[in-house]
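The block underneath contains the structure these notes are about, expressed in structure tokens.
Residue numbers (my numbering): 192 to 368.
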């Protein structure tokens, strides 16, 4: 197969991207893939380490004020700093997750194309519960908007819907996720 970009060399890399909800596949040669991904793809090179992968999303050259604050966060149990976590790509202990929780949303969002909530398939047993929880979340957003717009009657209706769904979850939910 010929490279989709240069149309000269044999394609040796398949690049899959999610763009605006659609999966796009491109077959690229070794050279074009290296140019497009920002990673060096040399056959004699070892596979990418987690350090290289995280360095691609968190370049060290442009540290912002927010970044400095993140680097100062230290786990109380194992003394791992947030910057060290970014370099290692793994936690030092179970408490690290709680210690770095405020920064993890941003990190996970970058790693997963801005998404911090699972949107793929779920086991059938969780489907109903998950759908209700998402509906409650959406209704709460609508309720907040209604209150901001001073549409209190609409907000009261939404509140009642949330209450009914919450009772349904508490009474019928057999699984927690």
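Glycine included, every Cβ here is placed at the ideal spot set by N, Cα and C.
In the same chain as residue 331, and ignoring 5 residues on each side of it, the C-beta atoms closer than 7 Å to its own belong to 353, in chain order. A straight-line Cα-Cα distance of about 28 Å links residue 350 and residue 296.
The three-state reading of DSSP puts residue 349 in helix, counting H, G and I together. Residue pairing from DSSP places residue 218 in a beta bridge opposite 205. One thing to note: residue 271 has its Cβ within 9 Å of the Cβ of residue 287. Under the three-state reduction of DSSP, residue 211 is assigned to coil, being neither helix nor strand. Residue environment: residue 334 is assigned as buried (16 or more neighbouring CB atoms within 10 Å of its CB, all protein chains considered). Residue pairing by DSSP places residue 264 in no beta bridge whatsoever.
No Cβ-Cβ contact shorter than 9 Å links residue 280 with residue 268. By the neighbour-count criterion, in which a residue is buried when 16 or more other Cβ atoms sit within 10 angstroms of its Cβ, residue 291 is buried. DSSP places residue 273 inside the alpha helix (DSSP H), whose first and last residues are 273-279. The straight-line gap separating the alpha-carbon atoms of residue 320 and residue 344 is approximately 28 Å. Cβ contact annotation for residue 208 (same chain, cutoff 6 Å, sequence separation greater than five): 215, in chain order.
Within the same chain, 353, 356, 357 and 360 come within 8 Å of residue 327 by CB-CB distance, once the 5 residues on both sides are set aside.
If the five residues before and after residue 325 are omitted, its C-beta is found closer than 8 Å to no C-beta atom of its own chain. With a 10 Å radius around the Cβ and a threshold of 16 neighbouring Cβ atoms, residue 205 comes out exposed. If you draw a straight line from the Cα of residue 336 to the Cα of residue 329, it is about 11 Å long.
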